[in-house]
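Numbering (full-length UniProt numbering), first residue to last: 1 to 264.
Yeah, the Cβ is synthetic: ideal placement off N, Cα and C, and Gly gets one too.
To keep things clear, I will list the structure first and then write my remarks on it.
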Amino acid sequence: MEHNDEPPKCAHNLPARLYTTYKEPHVGREFYRCPKTIGDQQCKFFAWVDGGKESPETHTTALPSTPVSTARPSNQRHSDPLSTPTPVKRNGSDIDNDCKYKRTRTSIFRSPVSSSPPYTSKENADSNWGGWGSGWPPPSTPPKTNNIPSNISTSPWATYISGGAQGNMSVGPSSSQETLKDESVQPTLTPELISDMIRRLQAAPEYIQKLDRKRNAAEKSRDAKNSKMISLQEQVNSLENEVQKLKAREKQLEEVIAAYEADV
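Written as structure tokens, this is what we have:
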């Protein structure tokens with residue numbers, strides 16, 4: 001809403017500030033207030049733009065407004081003082097009732113003291129576990145503790161035996177130990193074994209000669225490849241020289257043609 005009239009002046013002789021309220025029953029209604037804040041000694045000036053007769057107290061308590069400007073006056077922020085909640089007094093009967101309720105609720109979760117003897121049969125144990133509703137069987141018997149004699153701890157194999165007992169397994173000798181044990185035993189030299197060893201030694205020179213022939217053939221093949229590569233590189237160099245010569249000849253012919261055209 002636009003107003004061409006100048007705003008009225010408050011008790012400080014300052015132009016009043018325009019605000020708009022958005023609460024019933026004065027939605028959209030505008031009013032004037034002192035532009036100063038409470039810390040600046042705001043006066044009690046209040047006036048409706050349309051000339052209403054409500055007092056500032058009535059408007060402040062019944063119609064908290066939203067200011068048009070971005071800064072909200074401090075008198076509207078603190079128009080309704082915060083009320084301090086009064087503590088609620090409780091009588092003794094209420095406290096007793098609460099205590100009774102708590103005692104009753106606690107007693108629900110207390111298990112009754114049973115004087116029955118421990119389970120003596122498997123059926124009773126199963127029925128007890130079934131009452132829990134979990135469906136899981138009772139825990140199995142814990143693993144037996146290791147009963148190792150004290151004299152074993154003094155031997156160098158005490159740690160090994162203890163580790164095997166803790167794993168609840170019987171650990172036998174490993175394959176590597178068996179191999180070392182077998183190799184430590186020297187075989188008996190029989191005539192057949194001696195003849196077999198001699199036969200293998202006799203075949204060794206022929207095998208060495210075969211390896212030498214393969215090595216010589218590989219070296220010859222390598223030398224042939226190297227010589228072939230050298231020959232190809234020489235051919236490439238020769239062709240590059242021919243290209244350079246042809247380019248020089250072409251340049252000479254271009255100069256001759258240019259001189260001939262100049263004479264003509």
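Tell me Glu30's beta-bridge partners as DSSP assigns them. Thr20
Assign Arg199 to one of two classes, buried (16 or more other C-beta atoms within 10 Å of its C-beta) or exposed (fewer than that). exposed
Three-state secondary structure (DSSP) at Ala47? The three-state secondary structure of Ala47, taken from DSSP, is strand.
Could you tell me the alpha carbon to alpha carbon distance between Leu260 and Glu240, rounded to whole angstroms? Contrary to the premise, residue 260 reads as Tyr rather than Leu in this sequence. Approximately 31 Å between the Cα atoms of the pair.
Would the beta-carbon of Arg33 fall within 7 Å of that of Tyr22? no
Pull up the DSSP beta-bridge partners for Pro25, would you. Per DSSP, none; premise fails for Pro25.
Assigned secondary structure, Pro15 (DSSP; H/G/I helix, E/B strand, else coil): Here Pro15 sits in strand by DSSP.
Alpha carbon to alpha carbon, what distance is there between Ser227 and Leu246? 29 Å
Let me know if Lys36 comes out buried or exposed under the rule of 16 or more other beta-carbons within 10 Å of its beta-carbon. buried
Rounded C-alpha distance that separates Ala203 from Asp196: 11 Å
Boundaries (first-last residue) of the alpha helix (DSSP H) holding Ile230: Run containing Ile230: Pro191 to Asp263, per the alpha helix (DSSP H) assignment.
Just verifying my parser: in three-state terms, what is the DSSP assignment at residue 265? Since the first residue of the chain shown is 1 and the last is 264, residue 265 is not available in this structure.
Would Arg29 be called buried (16 or more neighbouring beta carbons within 10 Å of its own) or exposed? buried
Report buried or exposed for Gly16, applying the criterion of at least 16 other Cβ atoms within 10 angstroms of its Cβ. Reading off the sequence shown, one finds Ala at residue 16, where the question assumed Gly. Here Ala16 is buried. Its C-beta has 16 or more other C-beta atoms within 10 Å.
Just how far apart, CA to CA, sit Pro205 and Lys214? Their backbone Cα atoms lie some 14 Å apart in a straight line.
So, for Leu14: in the same chain, excluding its five sequence neighbours on each side, which residues have a beta-carbon less than 6 Å away from its beta-carbon? Pro35
Please work out which residues of its chain come closer than 7 Å, Cβ to Cβ, to Pro56, disregarding the five sequence neighbours upstream and downstream, and give them in chain order. Residue placement at Pro56 is poorly supported in this model, since its pLDDT is 46, which falls under 50; the coordinates are not used for a value here.
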